[in-house]
Structures are given as structure tokens and as C-alpha cells.
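Novice:
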Amino acid sequence: MKAVLCKAFGPAETLVLEEVASPEPKKNEILLDVHAAGVNFPDTLIIEGKYQFKPPFPFSPGGEAAGVVSAVGEKVGHLKVGDRVMALTGWGSFAEQVAVPGYNVLPIPQAMDFNTAAAFSMTYGTSMHALKQRGNLQPGETLLVLGASGGVGLAAVEIGKAMGARVIAAASSAEKLAVAKAAGADELINYSQASLKDEIKRLTGGNGVDVIYDPVGGDLFDQAIRSIAWNGRLLVVGFASGRIPELPVNLALLKGAAVVGVFWGSFAQRQPQDNAANFQQLFAWHAEGKLKPLVSQVYPLAEAARAIDDLGQRKAVGKVVVQVR
């Protein structure tokens, strides 16, 4: 099979496309014929040795995939050969086949195509877990989404609206904010042209926001935590800005606020029933037209390195997908 390989930590341009042996699934795994793979921010980190997991060399990046089950381990009972599925792989999806533990695999709704499915699991799974289990977002509350035009950001905008929140989308350009507006955002903040803190104060009458969804970190975290409402929750999703911020904990004390970590991958493994329930709700919202994943660019497998680089350079809006077959 063909696979995009990382043989040493480095930039995306060092990745190579080669023929390798197909993986042999273990008893608790399925073998997936990959049709499409989603590109996510962790892919930019894992190839440079900056992610919390460091797979042995050589490995393929790609943390999520959609395709067809081609073999099933004897301990996997909920899947069969021929099933159309989406899978959380951690790495390995930028290849024609990948072996995946059965508990990380979900059937795809019949109406969902492979490119959409490949763009769905990580972004919507992360944002649903963040807003439901970690943020306890309630109808009528105000949700601020930072980096609102990215994959997880747009998912958070859509899910926040589906949960009945007033959504303020923040991004760095008018073009990106237009995408967030189309996804249902009620208010927009261009933080390259105005103070995030001042705009939040204006839009909330000085009360601040109830829930902050932050996949960016850095300076935006510093401003956002100062704009949180009493009993607010700031969700730490990621650090796309490149800087992991530090928290003056007196700010949390003064606002009675909580700074809450979001790690969907571990949640899905530790609480599989809760994760499955989340996805049943997500699939229902998708069927109702409330969730419309934006796949802005599709790259062939041979250009997977460029897909990762474009995402890392923050050139992408919505979700980027590598089409494998």
C-alpha cells in the first residue's frame, strides 16, 4: 500500500510517499481501507515531535479517517467487513490502509460522504465534548469562539447555536468572519482590527461571556480570561498561536471562573458510551441540517505534506481533507 511517511522529526516538506506493507489488525482492531483523511492541527505538531504522542519511526501522520472496513479482529463485535465508518486513529491515516481499535470506530450515516465523514469526527467530537461535558453550555448563555473560522471553531459555532446559545465569533479577518457568520454566529469580532476585550465588553453590556472556546491560546487567552462572566468557563482546546499561555490564578478567583481542559481523544477512550451519545446527537443535528461541515480544500494523497503545511500556516478555512481513493 502507499503511505505518507515521517522518517525523522521535521517540517512537512520532509514527508515522503512510499510503498509499505499493509498493517495486520490485532484482535481488538479493524483494518480500514481509507477513502479520505482529515487534516488537523495535531498533524502539524506530531511530525515535528511537538505533540504529546511520539510514534516510532517511520509513521504516517493523520489522526482521523473515513473509509470501508476490510477486516475485523475477533474481539470486535459491532462492525463487519464492508461497513462505512469514521475512525479516530491518532496517526496513520495518510495511507491506503490503517489498523484501528474497534472502540475508536463509528458507522457513518448513510447520507454522509467520505470527505465529510473524514472532516467530522475530530472537530465535531472535540467541540461537542467541550461545550457539553466540559463547558456545560446552557440555552441563553453567551459563547465566545476564538479562531472561529478553523475546523474546531466552526464546529463550535454550529454546536453552540444548536444548543441554544448566543454565539460571538472572533477571527483575524473579515473573510474568516464571513464564514463564521454563515455558520450561524450572532456577533462578530475582528481581533486584528479591534481590542478583543473592548469588543466583548461592548457586546455583553460589560457582563462578559459565559463560556469561552479557545483553540488559539497566546495573547487571545490573556484577553479572553479578563472578559469572562461571573461563573464563566474558559475551555482550553489548543494553542494554534504557538504560545501556551500562563494564568494569573487571581483572575479565576475574582470571577468565580473555571479554566477547563479539553482532551477529546482521552474522553472518547475513557468514556466511550458518553462519546457515542454525543455522536448520536451530532448525527441527528447533521440530518436536520444544523451542522454543515465546511471542507474548503481536498488534496490527493501525494500532496498530503502540502495540506499539512497549509493548515500549519493558517491558510485554511474550515476543514482540509486528503482524498486517498
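The opening residue of the sequence shown carries number 40 in my numbering; numbering runs sequentially from there. Cβ atoms here follow ideal geometry from the backbone N, Cα and C, with glycine treated the same way.
Have a look at K93 and D349 and give me their C-alpha separation to the nearest angstrom.
Specialist: Those two C-alpha atoms are separated by around 22 Å.
Novice: Just list the beta strand (DSSP E) runs in the region 315 to 357, keeping only unbroken ones of 3 residues or longer that don't cross its boundaries, in chain order.
Specialist: The region 315 to 357 contains these whole beta strand (DSSP E) runs: 334 to 339.
Novice: So H74 is in the beta strand (DSSP E); what residue range does that whole segment cover?
Specialist: Element bounds for H74: E68 to V78.
Novice: How big is the Cα-Cα spacing for G257 and K240?
Specialist: C-alpha separation (whole angstroms): 20 Å.
Novice: Which residue's Cα is closest to the Cα of W303: E58, V356 and Y163?
Specialist: Of the candidates E58, V356 and Y163, the one whose C-alpha sits nearest the C-alpha of W303 is Y163.
Novice: Based on Cα-Cα distance, which residue from G129, A134 and Q149 lies nearest to P140?
Specialist: The shortest C-alpha separation from P140 is found at G129.
Novice: Less than 7 Å between C-beta atoms, sequence neighbours within five positions excluded: which residues of the same chain meet that for P284?
Specialist: The answer, listed in chain order, is G256, G257, F260 and D261.
Novice: Using only the alpha-carbon positions, how far apart do P339 and M40 sit?
Specialist: So the alpha carbons of these two residues sit roughly 15 Å apart.
Novice: Which runs of the alpha helix (DSSP H) spanning at least 4 residues fall entirely within the region 206 to 260, listed in chain order?
Specialist: Complete alpha helix (DSSP H) runs here, min 4: 213 to 221 and 235 to 242.
Novice: Can you tell me which of the three DSSP states V359 falls into?
Specialist: Three-state DSSP puts V359 in a strand.
Novice: Span of the alpha helix (DSSP H) holding R265?
Specialist: That residue, R265, is in no alpha helix (DSSP H); it is neither H nor E in DSSP.
Novice: Using a Cβ-Cβ cut-off of 6 Å (strictly less than) and excluding sequence neighbours within five positions of I198, which residues of its own chain qualify?
Specialist: Cβ within range, chain order: S166, M167 and L170.
Novice: Distance check for Q362 and A217, CA to CA, integer angstroms please.
Specialist: For A217 and Q362, the distance between alpha carbons rounds to 27 Å.
Novice: Relative to the alpha-carbon of T53, which residue among I251, P64 and I86 has its alpha-carbon at the smallest distance?
Specialist: The option with the nearest alpha carbon to T53 is I86.
Novice: In this structure, how does DSSP classify K200 when only helix, strand and coil are distinguished?
Specialist: If DSSP states are grouped into helix, strand and coil, K200 belongs with the helices.
Novice: Are the CB atoms of A346 and R356 within a distance shorter than 8 Å?
Specialist: The sequence shown places Val at residue 356, rather than the Arg named in the question. No.
Novice: Verify whether the separation of the beta carbon atoms of G102 and L71 is less than 8 Å.
Specialist: Against a cut-off of 8 Å, the Cβ pair of L71 and G102 comes out as no contact.
Novice: What is the DSSP secondary structure of E52, reduced to helix, strand or coil?
Specialist: E52 falls in the helix class under three-state DSSP.
Novice: Starting from R309, trace the alpha helix (DSSP H) both ways and give me its first and last residue.
Specialist: Looking at the DSSP string, the run of the alpha helix (DSSP H) that includes R309 is W303 to R309.
Novice: Helix, strand or coil, according to DSSP, for A156 in the structure here?
Specialist: DSSP places A156 in helix when its eight states are reduced to three.
Novice: CA-CA distance, Q352 and N270?
Specialist: C-alpha separation (whole angstroms): 35 Å.
Novice: Start and end of the alpha helix (DSSP H) containing K294?
Specialist: Where K294 is concerned, the enclosing alpha helix (DSSP H) stretches over V288 to K294.
Novice: Cα separation between L330 and L321?
Specialist: Roughly 8 Å separates the two Cα atoms.
Novice: Taking the CB atoms as reference points, tell me whether T157 and G277 lie closer together than 8 Å.
Specialist: It is Ala, not Thr, that sits at residue 157 in the sequence shown. No, the Cβ-Cβ distance between A157 and G277 is not below 8 Å.
Novice: Given a cut-off of 8 Å, decide if R173 and V55 are closer than it, judged by their beta-carbon atoms.
Specialist: Cβ atoms of V55 and R173: not closer than 8 Å.
Novice: Might you give, ordered along the chain, the residues of its own chain that have their beta carbon closer than 7 Å to the beta carbon of T155, omitting 5 neighbours on each side?
Specialist: Excluding sequence neighbours, T155 sits near P332 and V334.
Novice: Less than 6 Å between C-beta atoms, sequence neighbours within five positions excluded: which residues of the same chain meet that for M151?
Specialist: Within the same chain, M151 has no close Cβ partners at all.
Novice: Tell me which same chain residues have a C-beta within less than 7 Å of the C-beta of I69, skipping the five on either side of it?
Specialist: Hits under 7 Å: V108, A110, V111, G112, V115, L118, V139, G141 and V144.
Novice: Do A213 and L193 count as a contact pair if the criterion is CB distance below 8 Å?
Specialist: Against a cut-off of 8 Å, the Cβ pair of A213 and L193 comes out as no contact.
Novice: Between the Cα of H325 and the Cα atoms of S132, K46, L84 and Q149, which residue gives the shortest distance?
Specialist: Comparing Cα-Cα distances from H325 to each of S132, K46, L84 and Q149, the minimum goes to Q149.
Novice: Since Q172 is in the beta strand (DSSP E), which residue starts that stretch and which ends it?
Specialist: Premise fails: Q172 is in no beta strand (DSSP E) and is neither H nor E.
Novice: Is the beta carbon of P178 sitting closer than 8 Å to the one on M161?
Specialist: Not a contact, by the Cβ cut-off of 8 Å.
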